[in-house]
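Residue numbers (our numbering): 8 to 373.
We put the beta carbon where it would ideally sit given N, CA and C, even for glycine.
Predicted, not measured: the structure shown is a model, and the values here were computed from it.
This report refers to the structure that appears directly beneath it.
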């Protein structure tokens, strides 16, 4: 077994693309942890040097009302719940006004009949009118499908309308695990694997860049993880439309999925680091940016993963809600100074970026 691990990692270190079968073998192996981490770190150094990036952004969830019943979510509410909310355009603009120096606003929300394509385009027009320099990163593939169905319009027509209104890029969320058997258990109301792929590839064809994600640490098996990453790599080979890959780790504390399957803890940091490292190795040459999520791992956990092929820490957010409502305890925001000091503490070089990973931002923020 050790010789097989050594051969796979040696090939990867020399720039050879590892196969999905190789990936699955490494996912299942209990050996080779140190070598996997070292190989990922070497590949990251070759691609990104000592630079570690982050973005000055604000997260806005426009509603927590959702007709879907994802078992891993602690954020959703029914429209009649006292905790339910739907932000107006003015309220969204007021949130942005609190941090007008941001370069990106990230906007996502629940699947709600009271928020469709008309409301979405109204929000986009308002933001671009008030803050023309802010990049709008908004609306998951699930939201796009909802807008399409509710309006009786094609996905392509919906995307064109959003782009015309000011949409700049799309979150590649709602992916979870791209296996329909798993999806039927953890998110039975969500779009299918095929629909997610179709919306993402269509967005790329319209020159909308997207992120790519996976959710780990619930009921998935190594086979599901390998197949998911294979789908993403296949898309990236075709479109080159993914800006980054973001493994998201299941936070179980306040979720129906955790109760049903008796999941009491998140993955260990060692498991997390191995998954980051294998992502770097598998995507080498295709997806240059691997991001660790501080809302899931905490800032310390996120920066610890810089040794395992990670080169990006995500954004300041200011108002993180999804993880917090599931039981996360790492706060709603990270300051620019905290990003910088944490990165410097690992012997790396902090670099503020924009959404599309351009680093040439004013020195005052670096």
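Handout entry: Buried versus exposed, by CB contacts within 10 Å (16 or more), residue 354
Key = The residue you call residue 354 lines up with position 347 of the chain shown. Exposed, because fewer than 16 other Cβ atoms sit within 10 Å of the Cβ of residue 354.
**Euclidean distance between Cα positions of residue 375 and residue 63** = Absent from the structure is residue 375, since the part of the chain shown begins at 8 and ends at 373.
Exercise for review: Starting from residue 349, follow the alpha helix (DSSP H) in both directions and report where the run begins and ends.
Suggested key: As a first step, residue 349 is located in the chain shown; it is residue number 342 there, counting from the start. Start and end: 343 to 352.
For this session: Mind the definition here: the region 32 to 49 touches the region 272 to 287 only if three or more C-beta pairs lie below 8 Å; say whether that holds.
Result: Yes, since at least three Cβ pairs between the region 32 to 49 and the region 272 to 287 fall closer than 8 Å, the two stretches touch.
Worksheet item: Whose C-beta lies closer than 6 Å to the C-beta of residue 310 among residues of the same chain, with five residues either side of it excluded?
Response: Looking up residue 310 in the chain shown gives position 303. Cβ neighbours of residue 310 beyond the five flanking positions: 349, 353.
Nonlocal neighbours in the same chain, by C-beta distance under 6 Å from residue 237, ignoring five residues either side: Position 230 of the chain shown, counting from 1, holds the residue named residue 237. Counting only Cβ-Cβ distances below 6 Å, and skipping sequence neighbours, we find 27.
- Roughly how far, in whole angstroms, is the beta-carbon of residue 231 from the beta-carbon of residue 189, given that I think they are within contact range, below 8 Å? On the chain shown, position 224 is the one that residue 231 refers to. On the chain shown, position 182 is the one that residue 189 refers to. With a Cβ gap of about 6 Å, residue 231 and residue 189 count as contacting.
Just the Cα atoms here: how many angstroms apart are residue 147 and residue 17? Here the question's residue 147 lines up with position 140 in the chain shown. Here the question's residue 17 lines up with position 10 in the chain shown. Annotation: residue 147 to residue 17 spans about 37 Å, alpha carbon to alpha carbon.
Using CA atoms only, rank isn't needed, just tell me which of 183, 191, 123, 167 is closest to residue 158.
In the chain shown, counting from the first residue as 1, residue 158 sits at position 151. Closest option to residue 158, Cα to Cα, is 123.
- Please name the residue or residues paired with residue 216 in a DSSP beta bridge. Your numbering for residue 216 matches position 209 in the chain shown. Bridge partners of residue 216: 176.
Next item on the list: Spatial neighbours of residue 314 within its chain, please: CB distance less than 7 Å, with the 5 preceding and 5 following residues excluded, ordered by chain position.
Entry: Counting from 1 along the chain shown, the entry for residue 314 is found at position 307. Taken in chain order, the residues that qualify are 44, 48.
*asked:* Quick check on the DSSP output: the alpha helix (DSSP H) that includes residue 44 runs from which residue to which?
replied: Along the chain shown, one-based indexing puts residue 44 at 37. Unbroken alpha helix (DSSP H) run through residue 44: 40 to 55.
- Item | Uninterrupted beta strand (DSSP E) stretches inside the region 69 to 135 (no shorter than 3 residues) | 111 to 115
Using CA atoms only, rank isn't needed, just tell me which of 179, 67, 182, 140 is closest to residue 173. By one-based count along the chain shown, residue 173 stands at place 166. Measuring from the Cα of residue 173, the nearest candidate turns out to be 140.
* Hey, is the region 82 to 92 in contact with the region 245 to 265, meaning 3+ C-beta pairs nearer than 8 Å? -> no
C-beta atoms of residue 319 and residue 59 nearer than 8 Å: What you label residue 319 is simply residue 312 of the chain shown in a count that begins at 1. What you label residue 59 is simply residue 52 of the chain shown in a count that begins at 1. Closer than 8 Å, so yes.
CB-CB under 7 Å to residue 183, same chain, minus the five flanking residues each way: which ones, in chain order? Reading the chain shown from its first residue, position 176 is the one you call residue 183. Result list for residue 183: 190, 193, 194, 222, in chain order.
(request) Express the C-alpha separation of residue 91 and residue 307 in angstroms, rounding to a whole number. (result) Stepping through the chain shown from its first residue, residue 307 is reached at position 300. Stepping through the chain shown from its first residue, residue 91 is reached at position 84. Distance between the alpha carbons of residue 307 and residue 91 is about 32 Å.
Please return the same chain residues whose Cβ sits closer than 7 Å to the Cβ of residue 346, not counting the five positions on each side in sequence.
Counting from 1 along the chain shown, the entry for residue 346 is found at position 339. Answer for residue 346: 61, 320, 357, listed in chain order.
- Message: On the criterion of 16 or more Cβ atoms from any shown chain inside 10 Å, does residue 12 qualify as buried, or is it exposed?
- Response: For the purposes of this step, residue 12 is taken as the residue at position 5 of the chain shown. Answer is buried; the Cβ neighbour count reaches 16.
Notebook entry, point to check: What does a CB cutoff of less than 7 Å around residue 154 pick up in its chain, not counting 5 residues either side in sequence?
Noted result: As a position in the chain shown, residue 154 is number 147, starting the count at 1. Result list for residue 154: 123, 124, 127, 165, in chain order.
Where does the unbroken alpha helix (DSSP H) through residue 246 begin, and where does it stop?
One-based indexing of the chain shown puts residue 246 at position 239. Counting along the chain, the alpha helix (DSSP H) containing residue 246 begins and ends at 229 to 246.
**Request:** Check residue 198 in the structure and name its three-state DSSP category.
**Result:** As a working mapping, residue 198 is identified with position 191 in the chain shown. Here residue 198 sits in coil by DSSP.
Q) Which value, in whole angstroms, describes the spacing of the CA atoms of residue 268 and residue 137? A) Position 261 of the chain shown, counted from the start, is the residue given in the question as residue 268. Position 130 of the chain shown, counted from the start, is the residue given in the question as residue 137. So the two alpha carbons sit approximately 47 Å from each other.
task: Report the option in 276, 21, 290 whose CA atom is closest to the CA atom of residue 300.
output: Sequence index remark: in the chain shown, residue 300 carries index 293 (1-based). The residue with the shortest Cα to Cα distance from residue 300 is 276.
Are the C-beta of residue 94 and some C-beta of chain C separated by less than 8 Å? Structure shown: chain C not included; a single protein chain is present.
Cα-Cα separation, residue 9 to residue 70: By 1-based counting over the chain shown, the position of residue 9 is 2. By 1-based counting over the chain shown, the position of residue 70 is 63. Residue placement at residue 9 is flagged as unreliable, the pLDDT there being 47, under the threshold of 50; a coordinate-derived value is accordingly withheld.
| When you compare only the Cα positions, how much space is there between residue 204 and residue 21? | Position 197 of the chain shown, counted from the start, is the residue given in the question as residue 204. Position 14 of the chain shown, counted from the start, is the residue given in the question as residue 21. Their backbone Cα atoms lie some 31 Å apart in a straight line.
Same chain only: Cβ atoms within 6 Å of residue 333, ignoring 5 sequence neighbours per side | As a first step, residue 333 must be located in the chain shown, where it is residue number 326. Only weak support is given to the placement of residue 333: the predicted model assigns it a pLDDT of 45, under 50, and the value that follows is read from those uncertain coordinates. Hits under 6 Å: 81, 258, 261, 262.
message = Spatial neighbours of residue 239 within its chain, please: C-beta separation below 6 Å, excluding the five flanking residues on both sides.
response = On the chain shown, position 232 is the one that residue 239 refers to. Here the set comprises 219.
Check whether the Cβ of residue 122 sits closer than 7 Å to any heavy atom of the ligand NAP, and report yes or no. Among the ligands in the structure shown, none appear at all, so the ligand NAP cannot be discussed.
Given residue 135, which residues of its chain have a CB within under 6 Å of its CB, disregarding the five upstream and five downstream residues? Residue mapping note: residue 135 aligns to position 128 of the chain shown, counting from 1. Only 173 meet the Cβ criterion.
Which residue or residues does DSSP assign as beta-bridge partners of residue 360?
Position 353 of the chain shown, counted from the first residue, corresponds to residue 360. Looking at the DSSP assignment, residue 360 forms a beta bridge with 62.
Extent of the continuous beta strand (DSSP E) run through residue 319: Residue mapping note: residue 319 aligns to position 312 of the chain shown, counting from 1. Element bounds for residue 319: 319 to 322.
Open item on the list: Short of 7 Å in beta carbon distance, which residues of its chain neighbour residue 244, apart from the five on each side in sequence? Order them along the chain.
Closed with: Locating residue 244 in the chain shown gives position 237, counting from the first residue. Excluding residues within five positions, the ones whose Cβ falls inside 7 Å are 293.
Nearest-angstrom Cβ-Cβ length linking residue 67 and residue 109, presumed shorter than 8 Å: In the chain shown, residue 67 corresponds to position 60, counting from 1. In the chain shown, residue 109 corresponds to position 102, counting from 1. Not a contact, Cβ separation roughly 11 Å.
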